[in-house]
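>
Numbering (the UniProt record's numbering), first residue to last: 1 to 348.
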């Protein structure tokens with residue numbers, strides 16, 4: 001299997017799962033992105049649309065959005081509702097309903113779609129800056145469309161002091177055969193709760209090497225003002241409850257025999273698992289106590305330290321359709337050969 005993934009049933013007992021959930025509740029969970037208040041959202045979107053009228057407004061959408069033929073996919077000289085929906089998906093990874101499309105045109109004050117289609121002359125009257133601002137705002141701010149919709153907390157002190165978490169990390173050390181100092185010097189445990197429609201669209205847990213070879217790993221970032229990159233050799237994800245429906249962990253391109261990394265990077269906004277969950281190559285259902293473990297990086301064959309990112313590891317959490325979903329994440333950090341002498345900020 002590429003990447004190397006292990007599914008481990010009964011890694012946690014029921015009582016351990018419940019204990020970890022209770023630790024998170026005592027700690028207090030906060031939204032993974034700023035909360036959603038409908039009135040504030042409406043006001044902010046109006047502000048974003050006004051800003052798009054400025055001369056120096058910087059566009060976010062790809063250039064192909066400007067071309068009529070890119071919208072008119074069947075070449076019949078009209079853009080239909082289905083073609084508008086397809087363009088929203090292609091350009092910004094948004095899966096809009098017909099009502100959301102109608103609302104979008106209303107918000108940007110474009111009435112030429114009232115008959116359900118647009119010809120080329122009408123297309124040329126589209127307020128593209130406003131369209132750009134609207135799509136970008138919805139993608140980043142609306143809870144059902146933004147990349148992540150969840151609540152989370154970090155168990156900082158408990159990682160060292162809680163007897164249950166100590167046992168869990170002892171298991172990780174036995175399972176991985178990694179040095180205790182490496183595991184103990186890794187990030188704090190993250191607990192995440194997803195409610196109905198909660199999701200985390202496809203992403204990598206670690207930073208690609210082309211981000212910058214000289215950029216320090218975050219777990220070695222003793223000067224917190226510096227830019228840093230995630231150096232996570234290993235992910236261990238634990239399901240803390242049974243999900244009534246949905247909430248699978250999806251690996252989009254697991255075991256693909258061919259992988260066009262450049263193309264994969266170019267489609268970052270397309271990995272919307274709300275619509276594409278079941279087209280993924282591998283789906284692992286949420287079962288209480290099960291752990292999933294995978295390696296995000298190769299091991300550098302020359303140094304034995306952190307090597308190249310495995311691009312097959314792109315993954316995410318599918319929408320919770322019924323019930324709720326609780327997970328915990330343990331990320332094991334490792335240095336590159338250049339930074340192997342630098343201590344971890346998490347090591348106590």
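For each residue, glycine too, the CB sits at the ideal point set by N, CA and C.
Count the other C-beta atoms from every protein chain shown that fall within 10 angstroms of the C-beta of residue 297, then say buried if there are 16 or more, exposed otherwise.
buried
> Could you have a look at residue 157 and say whether DSSP puts it in helix, strand or coil?
coil
> Beta strand (DSSP E) containing residue 293: first to last residue?
291 to 295
> Terminal residues of the continuous alpha helix (DSSP H) containing residue 121?
120 to 123
> Would you list the residues sitting across from residue 217 in a DSSP beta bridge?
229
> According to DSSP, which residues form a beta bridge with residue 325?
DSSP output for residue 325 lists 194 as bridge partner(s).
> Please list the terminal residues of the continuous beta strand (DSSP E) segment that includes residue 13.
No beta strand (DSSP E) contains residue 13, which DSSP labels as neither H nor E.
> At what residue ranges does the region 32 to 85 contain a whole run of the beta strand (DSSP E), taking only runs of 3 or more?
Complete beta strand (DSSP E) runs here, min 3: none at all.
> With DSSP as the reference, label residue 299 as helix, strand or coil.
Correct three-state label for residue 299: strand.
> Determine, using beta-carbon pairs with one atom in the region 214 to 221 and one in the region 326 to 341, whether at least three such pairs fall under 8 angstroms.
yes
> Could you check if residue 197 is buried or exposed, using at least 16 other CB atoms within 10 Å of its CB as the buried criterion?
exposed
> Whole angstroms is fine: what's the gap from residue 34's alpha carbon to residue 294's?
In this prediction, residue 34 scores a pLDDT of 45, lower than 50, which makes its location untrustworthy; no coordinate-derived value is stated.
> Please list the terminal residues of the continuous beta strand (DSSP E) segment that includes residue 308.
306 to 309
> Residues in the same chain with beta-carbon distance under 8 angstroms from residue 255, minus the five sequence neighbours each way, listed in chain order, please.
1, 2, 281, 282, 312
> Considering only residues of the same chain and omitting the five flanking positions on each side of residue 48, which have a CB-CB separation below 6 angstroms?
133, 137
> Out of 92, 89, 84, which one is the CA nearest neighbour of residue 102?
84
> Could you compute how far the alpha carbon of residue 338 sits from the alpha carbon of residue 262?
26 angstroms
> Is the separation between the beta-carbon of residue 327 and that of residue 108 shorter than 9 angstroms?
no
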